[in-house]
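Participant:
Number of protein chains: 2
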Amino acid sequence: MHNYIMYIFELSMKNTNLYKGSITTIILKLLNEHDKMYGYEITQKVRDITKNELQLTEGALYPALHKLKDQGLLDVEVLYVGNRVRKYYKLTEAGTKETVKKLSELESYIRNMRALVNPKYRDE
Amino acid sequence: MHNYIMYIFELSMKNTNLYKGSITTIILKLLNEHDKMYGYEITQKVRDITKNELQLTEGALYPALHKLKDQGLLDVEVLYVGNRVRKYYKLTEAGTKETVKKLSELESYIRNMRALVNPKYRDE
DNA sequence: AATTATGCATTATATTCTTATGTATTAATT
DNA sequence: AATTAATACATAAGAATATAATGCATAATT
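Line by line, the protein sequences give chains C and D.
Throughout the first sequence, residue numbering follows my numbering, covering 1 to 124 in sequence.
Throughout the second sequence, residue numbering follows my numbering, covering 1001 to 1124 in sequence.
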C-alpha cells in the first residue's frame, strides 16, 4: 500500500515550467562542488537537496549530459561496479568557466524576477 | 551611429534559458498589480523593470496572452486609440487565483535553486 | 519469487521560446 | 517633405528543452 501512495504522490509531483532551462546550471554546479558524479547520482542528489520537489528525469538528464560533453564542458570516465556500468562526469576547464557564467546568470535571473513580482525590489 | 551601437548591443542581449517558463508568471503578476494592461505596455514594463536585461519578444508574448485568455485566466477589452487597436488584458477571478499559485511556485523554485547552487542554503 | 533500486539510454510528443516576417498607424527626426 | 523610429497587433518556421513512455540489464531487498 505504501507504494501505491507513493505512486499517487509522484503523479501529482510534476515540476513547474520554471525549471525549464535550469538543468544545465544545476548539473554544472553540482559537478563543480563534487568533482565527479554519475547520472543516477545527480538525480538522487537533486531529489535530496530539493526534498523531492524537483524530479530530474532521465529523458532530461542524459541528453543534457551528452550535450555538455559534446560542448567540451564535461569529461567522461566509464567505470564498472560489478557488472554494472557507471559513467562519471567531471568538469573540464571550459566547464568550470561556464559554471561561473551560469551561476551569475542565475543570480541575474533571480534578481530580475524578484523585481518583476515584487515592487519593493525595484530601483527608484 | 547610435542606432548601430544599439543594434550590436541588442544582438548580444539574448535572454538566458532560465527565463523559459517564467513569462506566464510575469504577465499574471504585472496584471495583478496594474489592473489592466495591453501587450506592448507589458513588454515596455518588463524592459524598464529589468533595465533591458529581459526582452519580452512578441513571438513569446502574444501566444502567451492568447493562451491565458483561452484558459479563462484573462479577459480582453479592445480599445481604439485614434485608428490604432489596443487590447487590454485583465485578470479574471480564476486568473487571480492562478497568480497566487504561480508566485508560490516561483518562491519554491528560487528556494530550491538556491539550495542546489549554494550548500549553505541546504537543510541539515 | 517478486519487487524495488540502480544505471544506462532513446523516442514520440508537448511546451516554450527565438527569429523572421507581416500589416498598419503615429511620432520623431533629418 | 521624407525617412526612420516607435507603437500595436499577429503568425509561422524552427530550435531548444522537457515529459512521458519505453527499453535493457544488474543488484539488492522483501
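Glycine included, every Cβ here is placed at the ideal spot set by N, Cα and C.
On a predicted model such as this, the values are computed, not experimentally measured, just so you know.
#1: Using only the alpha-carbon positions, how far apart do Tyr-121 (chain C) and Asn-1017 (chain D) sit?
#2: With DSSP collapsed to three states, give me the class of Asp-123 (chain C).
#3: Scan the region 1015–1031 of chain D for residues whose Cβ lies nearer than 8 Å to a Cβ of chain C and list them as they occur along the chain.
#4: Closest to Asp-75 (chain C) by CA distance: which of C:Leu-31, C:Ile-23, C:Ile-26 is it?
#5: Does DSSP put Glu-1077 (chain D) in a helix, a strand or coil?
#6: Could you give the uninterrupted runs of the beta strand (DSSP E) lying entirely in the region 1051–1112 of chain D, keeping only those of 3 residues or more?
#7: Which same chain residues, not among the five before or five after Ala-1064 (chain D), have their C-beta less than 8 Å away from its C-beta?
#8: Just to confirm, are Lys-1087 (chain D) and Tyr-1038 (chain D) a CB contact at a threshold of 7 Å?
#9: Mind pulling the chain D residues with CB within less than 9 Å of Arg-47 (chain C)?
#10: Is the CB of Thr-50 (chain C) under 7 Å away from at least one CB in chain D?
#11: What residue from C:His-34, C:Leu-91, C:Asn-83 has the CA that sits closest to Gln-71 (chain C)'s CA?
#12: Can you pull the chain D neighbours of Leu-103 (chain C), defined as C-beta to C-beta under 7 Å?
#13: Is it right to say Thr-1050 (chain D) is buried, meaning 16 or more other beta carbons lie within 10 angstroms of its own, or is it exposed?
#14: Which whole-angstrom value describes the C-beta separation of Leu-1116 (chain D) and Lys-29 (chain C), a residue pair presumed to lie in contact below a C-beta threshold of 8 Å?
Facilitator: Let's see:
#1: Position 121 of the first sequence holds residue 121 (chain C). Position 17 of the second sequence holds residue 1017 (chain D). Between the alpha carbons of Tyr-121 (chain C) and Asn-1017 (chain D) lies a distance of about 22 Å.
#2: Taking the first residue of the first sequence as position 1, residue 123 (chain C) is located at position 123. Of the three classes helix, strand and coil, the one that applies to Asp-123 (chain C) here is coil, per DSSP.
#3: Listed by position along the chain: Thr-1016, Asn-1017, Leu-1018, Tyr-1019, Lys-1020, Gly-1021, Ser-1022, Thr-1024, Thr-1025, Ile-1026, Lys-1029, Leu-1030.
#4: In the first sequence, the residue the question calls residue 75 (chain C) occupies position 75. Per the Cα distances, C:Leu-31.
#5: For the purposes of this step, residue 1077 (chain D) is identified with residue 77 of the second sequence, where counting begins at 1. The answer is strand: DSSP assigns Glu-1077 (chain D) an E or B state.
#6: Taking 3 residues as the minimum length, the beta strand (DSSP E) runs contained wholly in the region 1051–1112 of chain D are 1074–1081, 1084–1091, in order along the chain.
#7: Position 64 of the second sequence, counting from 1, holds the residue named residue 1064 (chain D). Answer for Ala-1064 (chain D): Ile-1023, Thr-1024, Ile-1027, listed in chain order.
#8: Locating residue 1087 (chain D) in the second sequence gives position 87, where the first residue counts as 1. Locating residue 1038 (chain D) in the second sequence gives position 38, where the first residue counts as 1. Closer than 7 Å, so yes.
#9: Here residue 47 (chain C) corresponds to residue number 47 of the first sequence, with the count starting at 1. Proximity of chain D to Arg-47 (chain C) at the Cβ level (cut-off 9 Å) is not reached, the minimal Cβ distance being about 11 Å.
#10: Taking the first sequence and counting its residues from 1, one reaches residue 50 (chain C) at position 50. With 7 Å as the cut-off, Thr-50 (chain C) counts as an interface residue toward chain D.
#11: Taking the first sequence and counting its residues from 1, one reaches residue 71 (chain C) at position 71. Minimum Cα distance to Gln-71 (chain C) is reached at C:Leu-91.
#12: The residue you call residue 103 (chain C) lines up with position 103 of the first sequence. The answer, in chain order, is Val-1117.
#13: Numbered from 1 along the second sequence, position 50 holds the residue referred to as residue 1050 (chain D). Thr-1050 (chain D) should be labelled buried.
#14: Here residue 1116 (chain D) refers to the residue found at position 116 of the second sequence. Here residue 29 (chain C) refers to the residue found at position 29 of the first sequence. Going by Cβ atoms, the distance from Leu-1116 (chain D) to Lys-29 (chain C) rounds to 6 Å, so yes, they are a contact pair.
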